[in-house]
Amino acid sequence: MYAVEINDLVKSYGPFKAVKGISFSVSEGEVFGLIGPNGAGKTTTLRVLSTLIEVTSGKVTIFGHDLVKDAGEVRKAISYLPEDAGAYKNMTGREYLKFISRFFHDLLDSNAMVDKAIAIAQLGERIDDKIDTYSKGMARKLLVARALMIGPKLAILDEPTSGLDVLNAQEIRKVIKKTVSEGTSVLLSSHNMLEVELMCDRIALIDDGLIVETGTPAELKRKYGASNIEEVFVETVR
Amino acid sequence: MSSIGAIIRKEVKELLTPSTLAPILIMAVIFAMIGNLASGVTAPLAEKPTIGLIDQDNSNLSRLAYENISENSKVIYNGSSVEDGLVVVENESAMALIVIPAGFSSDILSNKSGTVQVYWEMRGAGVLDSIPLSTVSGLLAGMDRTISASLMGDHPSTDPSVVLNPTKVNDTTIFKGVEMVGISPQTISSVMANQSSVVPLIVVMVIIMAGSMVITSMGSEKENKTLETLLTLPISRTSIVFGKLIGAAIVGLVMAVIFMIGFGYYMLSIVGSSSIDLAQYGLTIDAVGFILVGVSLFLALFAALALCMILGIFTKNYKASQMMTMPITFLAMIPMFLTIFSDFDTLPTGLQIVLFVIPFSHPMMAMRNLMFGNTNLVLAGIGYEALFCIVTMFIAVTLFKKDILLTGRVKSGRRKSASPIASMIKGLIARKS
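Residue numbers (the numbering used here), protein chains in the order written: chain S, 1 to 238; chain C, 1 to 433.
Here is the structure:
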């Protein structure tokens, strides 16, 4: 069974087609990267997969659950981290994690989830401070921890290291890798080509709502005679 | 353009939007509407009042009084039976039945004020409703002056204090079938205005405050980008909508209780200083009545919150949500003004429909209607409020499942797209077909 299976997905906003019929699949335990220029349809695709916005046409299944007919089951399997996500500023970091954990209490132990998230976030004593007082990087680490604490079957991560410095970004990448080793599949989008190359088992390049290339980083580099994914990216979207 | 000019232009463009103009326009319409209502109510002041008139004394002074009143009014009954007179006055929608009882003249001539019995036909208990009745008071004052002049000319030995005030009025007010002896319509109006203005004020304050909480909560969720996370959690959209509404309703009810305690003390002081107690005329509300008022209030609050939730779906950020509270504010203020100034029964049909359609009107009118036994209107209002809640909740939940929740509006290409509501209805129709 595929973690994600997309067939001819179209997403329109009125007459504007943001995604024009894409198809790809993500295997269980795989880290799949979706890369492309601004406005290519990456975030729209991730939002569709996260049940946030409606499918215009096409078929999407997540671990065999139809995205449209079985959205409730899909939401139990996924964890979505939006690129510009925020947290409730009147809560402390710990309160926020506890709040989110209550939605998953049927699946996991709340305290264990919160402890795991605190370990991922590495905010020290600041975990008990109001989120309002957090720096952008601290808030992002909290949100990544929130997304991964439930050990989702599929983590949908939009720019997971956005706003983080090099050291923190590296730390988060390690956490994601560890989560994958525990059985989570990952679908991520990133503008950081180094990150994509380091983390992803396979990559899909999306441009103007269409997937223009799919493959492993090595395959794509070989195909385009490129030394890194950035060069592949430039070649494909030029 | 100078630098300051550029700033002025930018500020005006930013501040002068349809959403800032709309509340002002709505306010202007409300004032015009109330002005129109007031002019309609006060128009009879320019006309001769319609009354019934009975002279049971048949003396020179009573005939003088009768002629004076007749000259300045339109008399629709001039027989001798009070019962018949009251029937005619009620059927002809006249203002009052004035009875000059036997002994009127002898009392005055024996240096006692002569009694005039006035049966007032009160149509409504609003502030404006008792204004036309003041023309009848004017008739009685004119009658007094005529009798005073007669006493000075024909009976110079009369006690000067009686010459100055030759008559006294015994009031009996008939309102919605209840006969209240010894009270004038003005007194009833002022007591009821004090009592029945409390609920409208509480309703307005609670709706505005709780409603703005829901809208700003939605605006904040969108501005702080917390909504997307919430929507991907394993919880149904219906549960999210209900969770938000019930949370706001609890806070709203806490506010209502606090306001009621405050107003309770206010009412105690008002009732304490009042010369009459309406309860002695059976004008009181029993426990069931209070429960009905409570149910009506709760449903109005829930309807407001559901409506605010729909408005909140269209907000994009905190600032926009502030403006979105305006329609709710005005929707709450229209029935408040209408119910304070006039009774439902005395309003023109158009305004009655407006009042009934706005769900917040019903708790505002409930106390007065229950007091006068108009329970059916209260029950109909509760039924309508419940239906309104169900429909608005359904719309809110449906919109919560749509892209519009995150996009704020349907993006369009060349031509402008249909309104979000229209898009939603089109979508529902398409899905059904």
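For each residue, glycine too, the CB sits at the ideal point set by N, CA and C.
Residue i CB to nearest chain S CB: under 9 Å?
| i | result |
| --- | --- |
| Val-410 of chain C | Because Val-410 of chain C sits at a pLDDT of 47, beneath the cut-off of 50, its placement in the model cannot be relied upon, and the following sentence gives the value as read from the coordinates. For Val-410 of chain C, the answer is yes, since a Cβ of chain S falls inside 9 Å of its Cβ. |
| Asn-224 of chain C | yes |
| Met-192 of chain C | no |
| Lys-432 of chain C | Legend: pLDDT at Lys-432 of chain C = 45, less than 50; position of this residue unreliable, value from coordinates given subsequently. No, its Cβ sits nowhere closer than 9 Å to a Cβ of chain S. |
| Ser-212 of chain C | no |
| Ile-246 of chain C | no |
| Arg-414 of chain C | Bear in mind that a pLDDT of 41 at Arg-414 of chain C, under 50, signals an unreliable position, so the number given afterwards is only what the model happens to contain. Closer than 9 Å to some Cβ of chain S, the Cβ of Arg-414 of chain C qualifies, so yes. |
| Ser-321 of chain C | no |
| Leu-233 of chain C | yes |
| Ile-7 of chain C | no |
| Leu-399 of chain C | no |
| Lys-402 of chain C | yes |
| Glu-228 of chain C | yes |
For residue i versus residue j, is the C-beta distance shorter than 9 Å?
| i | j | result |
| --- | --- | --- |
| Ile-228 of chain C | Arg-126 of chain S | Per the sequence shown, the amino acid found at residue 228 of chain C is Glu instead of Ile. No, the pair does not count as a contact, with Cβ atoms beyond the cut-off. |
| Ile-382 of chain C | Ser-321 of chain C | no |
| Gly-39 of chain S | Leu-205 of chain S | no |
| Leu-140 of chain C | Val-162 of chain C | no |
| Lys-244 of chain C | Thr-315 of chain C | no |
| Ala-145 of chain S | Ala-121 of chain S | yes |
| Val-60 of chain S | Ser-185 of chain S | no |
| Gly-179 of chain S | Ala-155 of chain S | Correcting the residue identity first, residue 179 of chain S is Thr in this sequence and not Gly. A contact, by the Cβ cut-off of 9 Å. |
| Ser-184 of chain C | Ile-328 of chain C | no |
| Ser-195 of chain S | Thr-161 of chain S | One point to set straight first is that residue 195 of chain S is Glu, not Ser, in the sequence displayed. Yes; because the gap between Cβ atoms is below 9 Å, this pair is in contact. |
| Val-198 of chain C | Tyr-281 of chain C | no |
| Phe-263 of chain C | Ile-202 of chain C | yes |
| Ala-396 of chain C | Val-241 of chain C | yes |
| Thr-349 of chain C | Pro-200 of chain C | no |
| Leu-157 of chain S | Leu-188 of chain S | yes |
| Asn-7 of chain S | Ser-23 of chain S | yes |
| Met-326 of chain C | Ile-26 of chain C | yes |
Could you pull the DSSP bridge partners for residue i from this structure?
| i | result |
| --- | --- |
| Leu-97 of chain C | C:Gly-52, C:Tyr-119 |
| Lys-74 of chain C | C:Thr-50 |
| Ser-57 of chain S | S:Val-10 |
| Ile-78 of chain S | S:Leu-154 |
| Tyr-2 of chain S | S:Ser-27 |
| Asn-170 of chain C | C:Gln-117 |
| Val-19 of chain S | S:Lys-11 |
| Glu-213 of chain S | S:Leu-205 |
| His-65 of chain S | S:Ile-62 |
| Phe-175 of chain C | C:Met-122, C:Val-178 |
| Gly-33 of chain S | S:Leu-188, S:Ile-203 |
For a cutoff of 9 Å on Cβ pairs, would you count residue i as touching chain C?
| i | result |
| --- | --- |
| Tyr-13 of chain S | yes |
| Leu-52 of chain S | yes |
| Pro-160 of chain S | no |
| Arg-75 of chain S | yes |
| Ser-79 of chain S | yes |
| Arg-238 of chain S | no |
| Pro-82 of chain S | yes |
| Ile-6 of chain S | no |
| Tyr-88 of chain S | yes |
| Phe-24 of chain S | no |
| Leu-157 of chain S | no |
| Phe-63 of chain S | no |
| Ala-117 of chain S | no |
| Gly-41 of chain S | no |
| Leu-172 of chain S | Residue 172 of chain S is actually Ile in this sequence, not Leu. For Ile-172 of chain S, the answer is no, since every Cβ of chain C falls outside 9 Å of its Cβ. |
| Glu-72 of chain S | The amino acid at residue 72 of chain S is misidentified as Glu; the sequence shows Gly. Closer than 9 Å: yes. |
| Leu-34 of chain S | no |
Under 9 Å, Cβ to Cβ, is there at least one residue of chain A near residue i?
| i | result |
| --- | --- |
| Tyr-134 of chain S | Judged by its chain identifiers, the structure shown contains no chain A, and its protein chains are S and C. |
task = Would you list, in sequence order, the uninterrupted alpha helix (DSSP H) runs of no fewer than 4 residues that lie entirely inside the segment 384-411 of chain C?
result = List check, alpha helix (DSSP H) in window: 404-407.
task = Kindly confirm or deny that the segment 47-55 of chain C and the segment 344-358 of chain C touch, where touching means at least three C-beta pairs closer than 8 Å.
result = Too few Cβ pairs lie closer than 8 Å, so no.
message = So within the segment 225-312 of chain C, which uninterrupted alpha helix (DSSP H) runs reach at least 4 residues, ignoring any that extend past its ends?
response = Complete alpha helix (DSSP H) runs here, min 4: 227-231, 237-273.
ask   = Quick check: the segment 240-256 of chain C against the segment 300-316 of chain C, are there 3 or more CB pairs under 8 Å?
value = At 8 Å Cβ cutoff, the stretches touch.
query = Given 8 Å as the limit, is there contact between the segment 388-398 of chain C and the segment 369-377 of chain C, that is, 3 or more CB pairs closer than that?
reply = No, the segment 388-398 of chain C does not touch the segment 369-377 of chain C.
query = If you pair each beta-carbon of the segment 59-72 of chain C with each one of the segment 139-159 of chain C, do three or more pairs fall below 8 Å?
reply = Counting C-beta pairs with one atom in each stretch, the segment 59-72 of chain C and the segment 139-159 of chain C have three or more that are closer than 8 Å, which means they touch.
request  = Could you tell me whether the segment 204-220 of chain S touches the segment 50-61 of chain S, using the rule of 3 or more Cβ pairs below 8 Å?
outcome  = Touching, no.
task = Assess, as a yes-or-no matter, whether the segment 117-132 of chain C is touched by the segment 80-100 of chain C under the definition of 3 or more beta carbon pairs within less than 8 Å.
result = Yes, the segment 80-100 of chain C is in contact with the segment 117-132 of chain C.
task = Please determine if the segment 224-243 of chain C and the segment 81-98 of chain S are in contact, where contact requires at least 3 C-beta pairs separated by less than 8 Å.
result = Because the criterion of three Cβ pairs below 8 Å is met, the segment 224-243 of chain C and the segment 81-98 of chain S touch.
Segment contact flag, the segment 125-144 of chain C with the segment 173-189 of chain C, C-beta cutoff 8 Å, min 3 pairs = Contact holds: three or more Cβ-Cβ distances are below 8 Å.
ask   = Taking only runs of the beta strand (DSSP E) that begin and end inside the segment 169-211 of chain S, which ones reach a length of at least 3 residues, in chain order?
value = Annotation: the segment 169-211 of chain S contains the following complete segments of the beta strand (DSSP E) (minimum length 3 residues), in chain order: 185-189, 202-207.
message = Please give me, in chain order, every unbroken run of the beta strand (DSSP E) with length at least 3 that falls completely inside the segment 73-157 of chain S.
response = You should have 78-81.
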